[in-house]
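Asks:
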Amino acid sequence: DIYRQEGMDVEFVGHPLAEKIGSSMERSEFFQRHGWDIDLKLLALFPGSRKQEVENILPTMVEAASKLRTSHKLQIAVGVAPNLGVDLLRSYIADREGIVIVQNSTYDLMHHADAAIVTSGTATLETGWFATPMVMVYKTSPVTFAIGRMLVGVPYIGLVNIVAGKKVVPELIQHDLTPDKLCKEVKRLIEDDEYARLMRSELSVIKSKLGGPGASAKVAEGIISLGEAA
909 DIYRQEGMDV EFVGHPLAEK IGSSMERSEF FQRHGWDIDL KLLALFPGSR KQEVENILPT
969 MVEAASKLRT SHKLQIAVGV APNLGVDLLR SYIADREGIV IVQNSTYDLM HHADAAIVTS
1029 GTATLETGWF ATPMVMVYKT SPVTFAIGRM LVGVPYIGLV NIVAGKKVVP ELIQHDLTPD
1089 KLCKEVKRLI EDDEYARLMR SELSVIKSKL GGPGASAKVA EGIISLGEAA
């Protein structure tokens, strides 16, 4: 739409994510593999793919998750980005009972979680693909955030909200990202079934908006066609 507004002739052929995203296990198999109770809700934490993101965000995620675990019968898992070392994550959850790390099953965790806390970035789109209710979070240095706000004129920063064209999932950014505020948002997701159902319904548009598989092939075909027409 941005390019069309500038008078350019463009065609959306799909998002590369649609070619790789998917869940390989059924919920019962996934829960059994990790020793979880199928009747209890699963909260997933996705703290980001960069070391600085994890350092800025995971402590708040873990604090909120620990509080929720004491008041609700929750199973809590942290998803590991492929480029991150597990030791970094372990350093933040070592003294937290009931929080486990899940490796090499990111999409299954996104798919089968009843609720998720997701750091702003591609992971929000991936979680949205599965229509899993979530709270989007982000925290960076005040200077970096201020510069970003000046350069990007959008009412929200979450890719999942930008693609949906409206605020579908709550965003807790910078000083708003506190354990208490995060607890409040997640509690609503796990306690209010109608609220979670409505969010799932609104997130269902993400899959269609990203397009089906084959985006890369379509781009290649388009380039060849342009070359032949030149």
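Just so we're aligned, residue 909 is where the sequence shown starts under our numbering, counting upward by one. Glycine residues also receive a C-beta, built at the ideal position from the N, C-alpha and C atoms. It should be emphasised that the depicted structure is a prediction, and the values quoted were computed from it without experimental measurement.
According to the neighbour-count rule (16 or more other Cβ atoms, all chains shown, within 10 Å of its Cβ), is Ile946 buried or exposed?
Replies: Translated into positions along the sequence shown, residue 946 becomes position 38. Label assigned to Ile946: exposed.
Asks: The beta strand (DSSP E) spanning Met1042 covers which residue range?
Replies: Along the sequence shown, read from residue 1 onward, the residue named residue 1042 stands at position 134. Counting along the chain, the beta strand (DSSP E) containing Met1042 begins and ends at 1042-1046.
Asks: Taking Leu1142 and Tyr1000 to be in contact with their CB atoms under 8 Å, please state how far apart those CB atoms are, rounded to whole angstroms.
Replies: The requested residue 1142 does not occur in the structure, where the chain is confined to residues 909 to 1138.
Asks: Check whether the Cβ atoms of Leu951 and Ile984 sit closer than 8 Å, and answer yes or no.
Replies: As a working mapping, residue 951 is identified with position 43 in the sequence shown. As a working mapping, residue 984 is identified with position 76 in the sequence shown. Yes; because the gap between Cβ atoms is below 8 Å, this pair is in contact.
Asks: I need the boundaries of the alpha helix (DSSP H) containing Ala1104, first residue and last residue.
Replies: As a working note, residue 1104 is residue 196 in the sequence shown. Looking at the DSSP string, the run of the alpha helix (DSSP H) that includes Ala1104 is 1101-1111.
Asks: Taking just the CA atoms, how far does Ser979 sit from Pro990?
Replies: Within the sequence shown, residue 990 is the residue found at index 82, counting from 1. Within the sequence shown, residue 979 is the residue found at index 71, counting from 1. About 32 Å.
Asks: Alpha carbon to alpha carbon, how far is Asp1101 from Arg941? Give it in angstroms, no decimals.
Replies: Stepping through the sequence shown from its first residue, residue 941 is reached at position 33. Stepping through the sequence shown from its first residue, residue 1101 is reached at position 193. Whole-angstrom Cα-Cα distance: 27 Å.
Asks: Starting from the Cα of Gly1006, find the closest Cα among Asp995, Glu971, Pro1078 and give me that residue.
Replies: In the sequence shown, residue 1006 corresponds to position 98, counting from 1. Looking at the Cα atoms, Glu971 is the closest of the given residues.
Asks: Does the distance from the C-beta atom of Gln1011 to that of Val1026 stay below 8 Å?
Replies: The residue you call residue 1011 lines up with position 103 of the sequence shown. The residue you call residue 1026 lines up with position 118 of the sequence shown. No, Cβ-Cβ distance for Gln1011 and Val1026 is not below 8 Å.
Asks: What residue ranges within the region 925-995 form continuous beta strand (DSSP E) runs of no fewer than 3 residues, ordered along the chain?
Replies: Complete beta strand (DSSP E) runs here, min 3: 949-954, 982-987.
Asks: How many angstroms separate the CA atom of Lys981 from the CA atom of Ala973?
Replies: Here residue 981 refers to the residue found at position 73 when the sequence shown is read from its first residue. Here residue 973 refers to the residue found at position 65 when the sequence shown is read from its first residue. So the two alpha carbons sit approximately 11 Å from each other.
Asks: In whole angstroms, give me the CA-to-CA distance for Leu948 and Arg998.
Replies: Along the sequence shown, one-based indexing puts residue 948 at 40. Along the sequence shown, one-based indexing puts residue 998 at 90. Looking at the two C-alpha atoms, the distance is approximately 24 Å.
Asks: Look at Ile929 and Tyr1015 and say whether their C-beta atoms are less than 8 Å apart.
Replies: Your numbering for residue 929 matches position 21 in the sequence shown. Your numbering for residue 1015 matches position 107 in the sequence shown. Against a cut-off of 8 Å, the Cβ pair of Tyr1015 and Ile929 comes out as a contact.
Asks: Determine the DSSP secondary structure at Ile1070, reduced to helix, strand or coil.
Replies: As a first step, residue 1070 must be located in the sequence shown, where it is residue number 162. Three-state DSSP puts Ile1070 in a helix.
Asks: Whose C-alpha, out of Ser936, Arg977, Ser1116, is nearest the C-alpha of Cys1091?
Replies: Within the sequence shown, residue 1091 is the residue found at index 183, counting from 1. Considering only alpha carbons, the answer is Arg977.
Asks: I need the straight-line Cα distance from Tyr1103 to Val1062, nearest angstrom please.
Replies: The sequence position of residue 1103 within the sequence shown is 195, counting from 1. The sequence position of residue 1062 within the sequence shown is 154, counting from 1. Computed Cα separation, rounded: 25 Å.
Asks: If you draw a straight line from the C-alpha of Leu1139 to the C-alpha of Gly1066, how long is it?
Replies: No statement about residue 1139 is possible, as the shown extent of the chain runs from 909 to 1138 and does not include it.
Asks: Measure the beta-carbon distance from Leu1017 to Val1043 and round it to whole angstroms, keeping in mind my assumption that it falls under 8 Å.
Replies: Against the sequence shown, residue 1017 aligns to sequence position 109. Against the sequence shown, residue 1043 aligns to sequence position 135. Wrong, their Cβ atoms sit about 16 Å apart, outside the cutoff.
Asks: Only counting the same chain, and skipping five residues up and downstream in sequence, which positions put a Cβ closer than 6 Å to that of Ala1039?
Replies: Position 131 of the sequence shown, counting from 1, holds the residue named residue 1039. Same-chain partners within the cutoff: Arg1108, Leu1111, Ser1112.
Asks: Rounding to the nearest angstrom, what Cα-Cα distance links Leu925 and Leu992 in this structure?
Replies: Counted from its first residue, the sequence shown places residue 925 at position 17. Counted from its first residue, the sequence shown places residue 992 at position 84. Using only the alpha carbons, I get a separation of about 20 Å.
Asks: From what residue to what residue does the beta strand (DSSP E) around Thr1027 run?
Replies: In the sequence shown, residue 1027 corresponds to position 119, counting from 1. 1023-1027 is the extent of the beta strand (DSSP E) around Thr1027.
Asks: Given this structure, state the Cα-to-Cα distance separating Phe938 from Val1008, to the nearest angstrom.
Replies: Position 30 of the sequence shown, counting from 1, holds the residue named residue 938. Position 100 of the sequence shown, counting from 1, holds the residue named residue 1008. Going by the C-alpha atoms only, they are around 14 Å apart.
Asks: Can you check DSSP and say which residues form a bridge with Leu1080?
Replies: Reading the sequence shown from its first residue, position 172 is the one you call residue 1080. DSSP output for Leu1080 lists Val1045 as bridge partner(s).
Asks: Helix, strand or coil for Ile1098, going by three-state DSSP, please let me know.
Replies: Walking along the sequence shown from the start, residue 1098 turns up at place 190. It is helical.
Asks: Quick one, which of Ser957, Met933, Ile1114 has its alpha-carbon nearest Ala1021's?
Replies: Against the sequence shown, residue 1021 aligns to sequence position 113. It is Met933 whose Cα lies nearest to the Cα of Ala1021.
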